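Undergrad:
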Amino acid sequence: MEGLVTKYNMAFEGLLPLFQKRSKSSYIVAAILLITVKQIYSFFRVPTNLRHLPSVPFFAMAKSFLTCEPPYSRFKRITYPAIQEGNGFYVSKIPTGWTIYVANPVAAKQLLMKSNNFPKSHYGLDSIGEKSTVVQFVGHDNVALSNGEVWKKQRKVMNPVFHRSMPIKTVASLVPLFFSIIEEANGRIPINPKMKDFTLDALGLTIFDFEFKALQGDPDNWTSVYRLVTRSIFDPLSFVCNTIESLLTYVYPKKRKGAYAVVKLNAKFDQLIDKKREKLRNGIFSNKPDNEKDLVTLMLEEDISITNEELRHHMALLFLAGKSDL
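Laid out in structure tokens, this is it:
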């Protein structure tokens, strides 16, 4: 930050000769340059009303994301010192603009339990635009982001999800396939990617009874589509340059592929939801125990009038909560 102040002063001193010329054009040029410099300076400067809190250095955080530093290392090196200094409160511009982060358990509980006093903000999502991959995927109206009456409605729909028993049989059905893959490789497999495949298959079955077939090598290509979406959402460049997310979609091939992928995945989700509605009307799930029903079925049983878009946003939230790096 001291470097920015120095450059700001140098720029101002460089403009002084322009003022001395006293020509109309010199004043216009000087005004434009001063406004530009001030905007750049303000972009990196913590807002006045937040300067009483410790802040995470913008450039250090940006470098960490762009170099793909592991999250635990980033937290220990950059975030944790600010948390300690601020007794659980700190300010960071990345990833959603200047935001106060709460890491104090007592304060966090108050913040979450008293939503009337502390409504959830959509500032971060609004700043990146409606056409961004993350907004297209999770929306504004899911249970994690909604407020007031909308939240009550969404919470009611999600209640069966939070109170159901573990789908043991559903997850167990994947175990024989997983073991057969290990046996075919003579007991030596890259465990990390295979566990990701196992988890994605398990989430697909438990959330909406869909087979991604990740363990089978992704013959239908839906695993690749899903991973394009999540990689676009969690792309380090998006965290650092969130305010130009829409522009990145046009100039950055990775973001463009992610945008196409989320449209394709949303269309597939809509298709699956429509099939679920039809099966519910035909009573196909009437004799199936709740702990073996997929989550979309449970939500539709709770409120059949819920829209496809609302259901999609809930499904996306559950996927990202289950595992963001699948």
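Each residue of the sequence shown is one higher than the one before, starting from 1237 at the first, in my numbering.
Beta carbons are placed, not taken as given, at the ideal position from N, Cα and C, and that holds for glycine.
All figures in this text were calculated on a predicted structure; none of them were measured in a lab.
Short of 7 Å in beta carbon distance, which residues of its chain neighbour Phe-1446, apart from the five on each side in sequence? Order them along the chain.
TA: In the sequence shown, counting from the first residue as 1, residue 1446 sits at position 210. Correct list, in chain order: Gly-1440, Leu-1508.
Undergrad: So, using beta-carbon positions, are Thr-1435 and Pro-1403 closer together than 7 Å?
TA: Numbered from its first residue, the sequence shown carries residue 1435 at position 199. Numbered from its first residue, the sequence shown carries residue 1403 at position 167. Cβ distance not < 7 Å, so Thr-1435 and Pro-1403 don't count as in contact.
Undergrad: Give the C-beta separation of Pro-1396 and Leu-1534 to the nearest angstrom, bearing in mind that I take them to be a contact with Cβ-Cβ under 8 Å.
TA: Residue mapping note: residue 1396 aligns to position 160 of the sequence shown, counting from 1. Residue mapping note: residue 1534 aligns to position 298 of the sequence shown, counting from 1. With 8 Å as the limit, Pro-1396 and Leu-1534 qualify as a contact, their Cβ atoms being about 4 Å apart.
Undergrad: By a C-beta neighbour count over all protein chains shown, 10 Å radius and 16 as the cutoff for buried, is Gln-1390 buried or exposed?
TA: Against the sequence shown, residue 1390 aligns to sequence position 154. So Gln-1390 counts as buried.
Undergrad: At which residues does the beta strand (DSSP E) containing Thr-1214 begin and terminate?
TA: Because the chain in this structure spans residues 1237 to 1562, residue 1214 falls outside the shown range and cannot be described.
Undergrad: Secondary structure at Ser-1291, three-state DSSP: helix, strand or coil?
TA: Taking the first residue of the sequence shown as 1, we reach residue 1291 at position 55. Looking at Ser-1291 - three-state DSSP - the assignment turns out to be strand.
Undergrad: Tell me, to the nearest whole angstrom, how far the beta carbon of Ala-1318 is from that of Ser-1291; I am working on the premise that it is less than 8 Å.
TA: Reading the sequence shown from its first residue, position 82 is the one you call residue 1318. Reading the sequence shown from its first residue, position 55 is the one you call residue 1291. Yes, Ala-1318 and Ser-1291 are in contact; Cβ-Cβ is about 7 Å, under 8 Å.
Undergrad: Can the beta-carbon of Asp-1433 be found less than 7 Å from the beta-carbon of Ala-1450?
TA: Here residue 1433 is taken as the residue at index 197 of the sequence shown, counted from 1. Here residue 1450 is taken as the residue at index 214 of the sequence shown, counted from 1. Cβ distance < 7 Å, so Asp-1433 and Ala-1450 count as in contact.
Undergrad: Could you check how far apart the C-beta atoms of Tyr-1359 and Thr-1332 are, in whole angstroms? I think they sit under 8 Å.
TA: For the purposes of this step, residue 1359 is taken as the residue at position 123 of the sequence shown. For the purposes of this step, residue 1332 is taken as the residue at position 96 of the sequence shown. With a Cβ gap of about 7 Å, Tyr-1359 and Thr-1332 count as contacting.
Undergrad: Indicate the three-state DSSP secondary structure (helix, strand or coil) for Val-1327 in the structure shown.
TA: Here residue 1327 corresponds to residue number 91 of the sequence shown, with the count starting at 1. The answer is strand: DSSP assigns Val-1327 an E or B state.
Undergrad: Tell me the residue span of the alpha helix (DSSP H) that contains Tyr-1316.
TA: Taking the sequence shown and counting its residues from 1, one reaches residue 1316 at position 80. Start and end: 1316–1321.
Undergrad: Quick one: residues in its chain with C-beta nearer than 6 Å to the C-beta of Arg-1371, no 5 flanking neighbours on either side, listed in chain order?
TA: Taking the sequence shown and counting its residues from 1, the one referred to as residue 1371 is at position 135. Checking the displayed sequence, the identity of residue 1371 turns out to be Val instead of Arg. Answer for Val-1371: Leu-1361, listed in chain order.
Undergrad: Rounded to a whole number of angstroms, what is the C-alpha to C-alpha distance between Arg-1313 and Ile-1540?
TA: Here residue 1313 refers to the residue found at position 77 of the sequence shown. Here residue 1540 refers to the residue found at position 304 of the sequence shown. If I take the Cα positions, the gap works out to 48 Å.
Undergrad: From Asn-1457 to Tyr-1496, what distance separates their C-alpha atoms?
TA: The sequence position of residue 1457 within the sequence shown is 221, counting from 1. The sequence position of residue 1496 within the sequence shown is 260, counting from 1. Looking at the two C-alpha atoms, the distance is approximately 14 Å.
Undergrad: For Leu-1381, I'd like the list of residues in its chain whose CB is within less than 6 Å of its CB, leaving aside the five on either flank, ordered along the chain.
TA: Position 145 of the sequence shown, counted from the start, is the residue given in the question as residue 1381. Excluding residues within five positions, the ones whose Cβ falls inside 6 Å are Lys-1356.
Undergrad: Can you tell me whether Gly-1322 is buried or exposed, with buried defined as 16 or more other CB within 10 angstroms of its CB?
TA: For this step, residue 1322 is matched to residue 86 along the sequence shown. With 16 or more Cβ atoms within 10 Å of its Cβ, Gly-1322 is classed as buried.
Undergrad: What separation, rounded to the nearest whole angstrom, lies between the Cα atoms of Gly-1365 and Leu-1483?
TA: Position 129 of the sequence shown, counting from 1, holds the residue named residue 1365. Position 247 of the sequence shown, counting from 1, holds the residue named residue 1483. Whole-angstrom Cα-Cα distance: 10 Å.
Undergrad: Would you kindly work out how many angstroms separate the C-alpha atoms of Glu-1514 and Asp-1526, rounded to a whole number?
TA: By 1-based counting over the sequence shown, the position of residue 1514 is 278. By 1-based counting over the sequence shown, the position of residue 1526 is 290. Each residue's Cα considered, the two are about 18 Å apart.
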